[in-house]
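This report refers to the structure that appears directly beneath it.
There are 2 protein chains.
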Amino acid sequence: MKTDFRDIKQYIRRRIVAGDWAPGQLVPNEVDLAARFECARATVNRAMRELAEEGLVERRRKAGTRVRSTPLHRPRFEIPFVRKEVEALGSVYGYRLIDRAAGPAPDWLKAQFGLETDIRALHLVCLHLADSAPYQIEDRWISLAALPDAEDNDFSEIGPNEWLISVVPFSDAEISFSAIAADAEAAGRLGCAAGDALFLTERSTWWNGQAITYVRLISRPGHKVTARY
Amino acid sequence: MKTDFRDIKQYIRRRIVAGDWAPGQLVPNEVDLAARFECARATVNRAMRELAEEGLVERRRKAGTRVRSTPLHRPRFEIPFVRKEVEALGSVYGYRLIDRAAGPAPDWLKAQFGLETDIRALHLVCLHLADSAPYQIEDRWISLAALPDAEDNDFSEIGPNEWLISVVPFSDAEISFSAIAADAEAAGRLGCAAGDALFLTERSTWWNGQAITYVRLISRPGHKVTARY
DNA sequence: AAGTGGTCTAGACCACATT
DNA sequence: ATGTGGTCTAGACCACTTA
């Protein structure tokens with residue numbers, strides 16, 4: 331049985347976790363490890379490269395590989411789209427379009443998109459339901475300069491999120507999480523009290539450097555996102 | 331100049347993004363791509379493996395490599411510890427211990443830790459400051475069963491977070507984000523109004539399968555975490 | 001100048017899932 | 001049964017960075 335790069339990863343991880351190799355300390359170089367494991371250097375390289383990717387070690391040419399002095403915590407959150415999220419809860423998903431209007435993009439949106447020029451935008455407000463109860467408000471702006479087709483769609487049956495994925499499946503994005511107080515409107519739509527603390531997800535999306543859409547997702551009270559690492 | 335695996339990644343990414351290879355569709359296999367790029371299969375493999383890791387394609391033995399039908403969004407959030415976070419804002423970091431008490435762990439904490447047995451725990455409440463203004467409340471429980479040394483530390487000068495990192499630099503963790511309303515106590519400590527929407531970060535940490543600590547980080551109003559992908 | 005990681009090659013064998 | 005990805009090997013050359 332040949333050496334598996336996972337064996338090497340595990341060995342190194344163990345030595346680090348056990349404290350044998352302290353933070354900041356040098357880890358043996360690839361040639362030595364390859365000799366000790368009687369394997370090719372490429373195998374050690376794969377192991378070390380992945381450990382670096384995971385944030386456990388830091389590598390620099392000539393300087394060697396060191397145990398990270400302060401661990402890097404970079405949790406990965408899975409962001410499913412709403413329908414999947416609701417279905418994963420075992421609930422029946424529902425969708426309702428609340429408002430739809432096309433017009434010139436407001437200044438704050440142009441700023442958000444990093445644009446100087448005037449463009450038209452489509453503004454959509456939708457409600458996502460779980461077992462007929464409000465689950466999330468989707469307040470979305472779509473650049474009609476980037477996606478003129480959006481204007482032909484009335485979004486009465488299918489949410490803009492799913493439509494967008496079918497049109498521009500791959501894109502660059504910036505996502506952020508924060509907490510906001512429910513205003514009267516949001517409270518009415520989510521069936522909670524005004525002032526309630528709500529979880530807000532914001533996402534801006536680009537495609538080939540062009541701004542596509544900006545969305546505010548306001549989740550029902552108690553929403554939580556979780557990741558392990 | 332030899333073929334760089336990045337060239338292959340870029341080529342494939344372009345074809346996918348341009349829509350030449352639609353979601354769900356098969357991507358050429360490694361042997362064919364290696365032939366087309368006149369490079370070793372290992373090079374193509376590296377490129378494809380990374381694209382799969384990024385969530386752009388899906389690979390299965392014998393079935394081949396396909397463009398993901400629905401894109402995977404797994405943003406990575408950098409979670410620095412508070413002092414770095416404050417300093418990155420250009421502010422002066424400050425720390426204050428508010429409360430410290432050792433005693434039997436409450437039932438909810440044992441549940442959180444997945445324990446049946448009674449243990450003792452250290453409960454700490456601290457305030458992190460940015461330019462002398464409240465920045466974040468740290469409400470932490472440390473298992474004295476796992477880390478008896480914690481009881482010897484008074485945490486008056488150094489925050490438990492930094493101490494923990496120095497003691498158990500590597501661990502498994504679960505992190506979650508949510509929104510809560512400020513209770514009277516939190517409002518007083520953060521200098522905001524009761525009922526204000528606050529961003530809550532919770533983290534449970536294990537080491538070698540043993541529960542170490544559970545912490546609630548309540549950030550000042552307006553806190554936001556961001557990631558790009 | 002020298003040591004380290006970064007990458008490529010050409011070949012091989014294997015594991016697995018589909019056919 | 002067969003085609004695909006998964007991995008290892010042994011060797012090579014290169015890029016970077018520190019000494």
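In order, the protein sequences belong to chains A and B. So the first sequence is residues 331 to 559, counted in the numbering used here. So the second sequence is residues 331 to 559, counted in the numbering used here. Backbone N, C-alpha and C define an ideal beta-carbon position, used for all residues, glycine too.
Who does B/Asp469 pair with in a DSSP beta bridge? DSSP, once it has assigned bridges, lists B/Val455 and B/Arg546 as partnering B/Asp469.
Of all the alpha helix (DSSP H) runs that stay within the bounds of the segment 338-424 of chain B, which reach a length of 4 or more residues? Listed in chain order, they are 360-367, 371-383 and 412-418.
For B/Gln442, which residues in the same chain have their Cβ closer than 7 Å to its Cβ, ignoring the five residues on either side in sequence? Sequence-distant partners of B/Gln442 (beyond 5 residues in either direction) whose C-beta falls short of 7 Å from its own C-beta, in its chain, are Ser534 and Tyr544.
Judging by CA-CA distance, which residue of B/Val497, B/Pro358 and B/Asp484 is the nearest neighbour of B/Leu452? Comparing Cα-Cα distances from B/Leu452 to each of B/Val497, B/Pro358 and B/Asp484, the minimum goes to B/Asp484.
Rounding to the nearest angstrom, what Cα-Cα distance links A/Leu454 and A/Asp461 in this structure? The alpha-carbon atoms of A/Leu454 and A/Asp461 are separated by roughly 22 Å.
Select from A/Phe507, A/Trp536, A/Ala517 and A/Trp471 the residue whose C-alpha is nearest the C-alpha of A/Phe529. Comparing Cα-Cα distances from A/Phe529 to each of A/Phe507, A/Trp536, A/Ala517 and A/Trp471, the minimum goes to A/Phe507.
Per-residue DSSP class, three states only, for B/Pro551: In this structure, B/Pro551 counts as coil in the three-state DSSP scheme.
CB-CB length for A/Trp536 against A/Ser501, believed under 8 Å: Sure, about 6 Å apart at Cβ, within 8 Å.
Alpha carbon to alpha carbon, how far is A/Tyr465 from B/Glu388? The C-alpha of B/Glu388 is placed about 31 Å away from the C-alpha of A/Tyr465.
Applying the criterion that 16 or more other CB atoms from any shown protein chain within 10 Å of the CB defines a buried residue, is B/Ile346 buried or exposed? Its Cβ being crowded by 16 or more others within 10 Å, B/Ile346 is buried.
Excluding the five sequence neighbours on either side, which residues of its own chain have a C-beta within less than 6 Å of the C-beta of A/Ile548, listed in chain order? Cβ neighbours of A/Ile548 beyond the five flanking positions: Ile467, Ala516, Leu528 and Leu530.
Could you give the first and the last residue of the continuous alpha helix (DSSP H) run that contains B/Glu492? According to the DSSP assignment, B/Glu492 belongs to the alpha helix (DSSP H) that extends over Pro490 to Val497.
When Cβ atoms are compared, which residues of the segment 444-455 of chain A fall closer than 7 Å to chain B? Cβ proximity to chain B below 7 Å picks out nothing from the segment 444-455 of chain A.
Is there at least one Cβ from chain A nearer than 8 Å to B/His403's Cβ? For B/His403, the closest Cβ of chain A is nearer than 8 Å.
Note the first and the last residue of the continuous beta strand (DSSP E) segment covering B/Ala509. Asp502 to Ala511 is the extent of the beta strand (DSSP E) around B/Ala509.
Kindly give me the distance between the Cβ atoms of A/Gln355 and A/Arg396, rounded to whole angstroms, as I take these residues to be in contact under 8 Å. Confirmed, Cβ separation roughly 7 Å.
Host alpha helix (DSSP H) of A/Phe485 (start-end): Here A/Phe485 belongs to no alpha helix (DSSP H), and DSSP marks it neither H nor E.
Quick one: any contact between the segment 426-439 of chain A and the segment 479-493 of chain A, if contact means 3 or more CB pairs under 8 Å? These segments touch.
Return yes when the Cβ of B/Ala512 is within less than 8 Å of the Cβ of B/Leu520, no when it is not. Yes, these two residues count as a Cβ contact at 8 Å.
Between which two residues does the alpha helix (DSSP H) harbouring A/Ile439 extend? The amino acid occupying residue 439 of chain A in the given sequence is Leu; Ile does not appear at that position. Its alpha helix (DSSP H) spans residues Asp437 to Phe443.
Go ahead and pull the three-state DSSP assignment for B/Glu446. When DSSP states are grouped into helix, strand and coil, B/Glu446 belongs to the coil group.
Beta-bridge partners of B/Gly433, as assigned by DSSP: According to DSSP, which records beta bridges pairwise, B/Gly433 is partnered with B/Ala451.
Return the residue from the list A/Tyr425, A/Leu363 and A/Leu386 that minimises the CA-CA distance to A/Phe411. Ranking A/Tyr425, A/Leu363 and A/Leu386 by Cα distance to A/Phe411 puts A/Tyr425 first.
The ligand GDP and B/Arg389: does the residue's C-beta get closer than 7 Å to at least one heavy atom of that ligand? The ligand GDP is not part of this structure, which contains no ligands at all.
Assigned exposure category for B/Glu415 - 16 Cβ within 10 Å defines buried: Buried, since its Cβ has 16 or more Cβ neighbours within 10 Å.
What number of angstroms, rounded off, separates the C-alpha of B/Gly552 from the C-alpha of B/Val498? Approximately 31 Å between the Cα atoms of the pair.
I'd like the span of the alpha helix (DSSP H) that includes B/Leu520, first residue to last. Boundaries of the alpha helix (DSSP H) around B/Leu520: Ala514 to Leu520.
Skipping 5 residues on each side, what residues in its chain have a beta carbon closer than 7 Å to that of B/Glu384? Same-chain partners within the cutoff: there are none.
Can you confirm whether A/Arg430, when its beta carbon is compared against all beta carbons of chain B, has any partner nearer than 8 Å? Chain B, which has no Cβ nearer than 8 Å to the Cβ of A/Arg430, makes this no.
For a contact meaning CB atoms closer than 7 Å, what does B/Gly569 contact in chain A? Within the shown structure, residues of chain B are numbered from 331 to 559, placing residue 569 of chain B beyond reach of any answer.
What residue does the beta strand (DSSP E) around B/Ser534 start on, and which one ends it? Ala527 to Trp537 is the extent of the beta strand (DSSP E) around B/Ser534.
Is the shortest distance between the beta-carbon of A/Ile467 and the beta-carbons of chain B less than 8 Å? Closer than 8 Å: no.
Within 8 Å (strictly less), CB to CB, does A/Glu408 reach chain B? True, the Cβ-Cβ gap to chain B drops below 8 Å.
Closest residue to B/Arg413 among B/Asn538, B/Glu492 and B/Ala352 (Cα-Cα distance): Nearest option by C-alpha distance: B/Glu492.
Could you pull the DSSP bridge partners for B/Leu427 from this structure? Answer by DSSP bridge pairing, in chain order: B/Cys456.
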